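Structure, as structure tokens:
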Ligand SMILES: NC(=O)c1ccc[n+]([C@@H]2O[C@H](COP(=O)([O-])OP(=O)(O)OC[C@H]3O[C@@H](n4cnc5c(N)ncnc54)[C@H](O)[C@@H]3O)[C@@H](O)[C@H]2O)c1
């Protein structure tokens, strides 16, 4: 029997491969097409996975293939257009990569287009399917740490890049509370970009959620142990130390930290594999009338709003009550308004390299061990200067 759902991948890059890895584990789905304007990329992808259709534009693909599901695996600024095109073509579902969008107007345009066509929209915060986060969510709901009060998050490589996972993930573990207010601060003294989006050198924020639980986020400040999949939750009765594949609990019943037993599914890595497959399976259930997907677009739009409010707080020098009024990209607006003078004006992009091809992992590890920051190590290994950044981070 042929698979029930036809899927198409837009963007044949690194995460486009992870989506294929996920779909390949789900019998009900067959990937029938790939879209990429770079001929080499789409042809290589087509050969690698034996896909029948390869297209230069999404419009050609939608007209020719009429897929049920479209995976949007392009860079952030190219998330809304293909999502909206797919919705308007009447596809059943879109799985779009994180961060959902840059600015709440862009995020909301995706939600609205999908609502209008009845398209199910999922944003790929696939770590929601890791065993550590799932178990932590259960423990919080069971009251294992009493009432959650504070969550500590430490990420790097840009707030919108890693921060989206950690903010989204802690909201998931806490039961997806909405946000009440946000206060943020940022520094941008070098002309830093991440996948073509201007980003901060460093930032931090305090996010006050419904139920009076707060998230503290620091990004690109203290890199030691920074991880998009890790957070520490303090409740009135205990602590939870959460990673994607481990949970440690300390509360009044336990004499110190204790590991929590997890149902570790083979291949449940943070990216690709089982997490992506689980994300697809939950989507199929949603299409077939089951419960709304845990990674649904409306929920992910809250995470976008929180990150944008951190920037807007820095822009306005005040606490931002939500909903956020500014719908464009506050950091971009600050740059345009001349609020972020640069000590190092040469633009650079920490993800301008399509892959790790040509980079020696051991050389990278040596540089990092010498204290060279991640982005600078990548540039060095590519024989490039900079980025300027701050040598002490
Ligand atoms: N969920 C995760 O854990 C995770 C991990 C990595 C990346 N991502 C996200 O995935 C997105 C893509 O990142 P990446 O690292 O895979 O990038 P990449 O550069 O490896 O791949 C992007 C691909 O998109 C293609 N492309 C460009 N314009 C296009 C268009 N108009 N239509 C179709 N294809 C087009 C490019 O040619 C390239 O092949 C980013 O938003 C990133 O944040 C998510």
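Residue numbers (the numbering used here): 2 to 394. Glycine included, every Cβ here is placed at the ideal spot set by N, Cα and C. For clarity, every value in this text was computed on a predicted model and none was experimentally measured.
Residue i CB to nearest heavy atom of ligand 1 below 7 Å
i	result
residue 193	no
residue 162	yes
residue 169	no
residue 122	no
residue 316	no
residue 131	no
residue 8	no
residue 37	yes
residue 127	yes
residue 75	yes
residue 231	no
residue 295	no
residue 175	no
residue 11	yes
residue 4	no
residue 227	no
residue 100	yes
residue 48	no
residue 172	no
residue 59	yes
residue 224	no
residue 436	The question about residue 436 has no answer, for the chain in this structure spans 2 to 394.
residue 341	no
residue 72	no
residue 196	yes
residue 16	yes
residue 302	no
residue 90	no
residue 86	no
residue 284	no
Beta-carbon proximity list for residue i, same chain, < 6 Å, skipping 5 on both sides
i	result
residue 239	146, 251 and 252
residue 292	none
residue 242	233 and 249
residue 327	313
residue 211	178 and 179
residue 152	171, 216, 232 and 234
residue 203	188, 221 and 222
residue 127	276, 277 and 280
residue 184	207, 314 and 320
residue 350	194
residue 97	73, 80, 84 and 124
residue 156	163, 164, 167, 220, 227 and 229
residue 296	123, 124, 126 and 129
N-terminal and C-terminal residue of the beta strand (DSSP E) that residue i is part of
i	result
residue 216	214 to 220
residue 194	191 to 195
residue 150	149 to 156
residue 331	Taken as a continuous stretch (DSSP letters only), residue 331 belongs to no beta strand (DSSP E), being part of the alpha helix (DSSP H) at 331 to 337.
residue 326	Residue 326 -> no beta strand (DSSP E), and no H or E assigned at all.
residue 347	345 to 350
Residue i - partner residues in DSSP beta bridges
i	result
residue 34	9 and 54
residue 204	187 and 220
residue 259	250
residue 94	70 and 121
residue 210	180 and 214
residue 112	Its beta-bridge partners do not exist; DSSP assigns none.
residue 199	194
Cβ-based neighbour list, residue i, same chain, cut-off 7 Å, excluding 5 preceding and 5 following
i	result
residue 21	10, 32 and 50
residue 57	38
residue 287	121, 293 and 294
residue 92	68, 69, 70, 71 and 120
residue 262	none
residue 237	147, 148 and 150
residue 4	28, 29, 30 and 31
residue 112	122, 298, 299 and 302
Other residues of its chain near residue i: CB distance less than 8 Å, five sequence neighbours each side excluded
i	result
residue 356	Because residue 356 sits at a pLDDT of 41, beneath the cut-off of 50, its placement in the model cannot be relied upon, and the point is left open.
residue 358	Residue placement at residue 358 cannot be trusted, given a pLDDT of 48 that sits under 50; the coordinates are not used to answer.
residue 199	189, 192, 193, 332, 333 and 336
residue 44	55
Span of the alpha helix (DSSP H), counted from its first residue to its last, around residue i
i	result
residue 232	Per DSSP, residue 232 belongs to no alpha helix (DSSP H); it is in the beta strand (DSSP E), 232 to 236.
residue 174	165 to 174
residue 240	Segment 239 to 243 is the beta strand (DSSP E) holding residue 240; no alpha helix (DSSP H) there.
residue 24	15 to 24
residue 304	298 to 317
residue 133	132 to 143
residue 82	81 to 89
residue 274	274 to 288
Test: residue i CB closer than 8 Å to a CB of chain B
i	result
residue 57	No chain B is part of this structure, which consists of one protein chain only.
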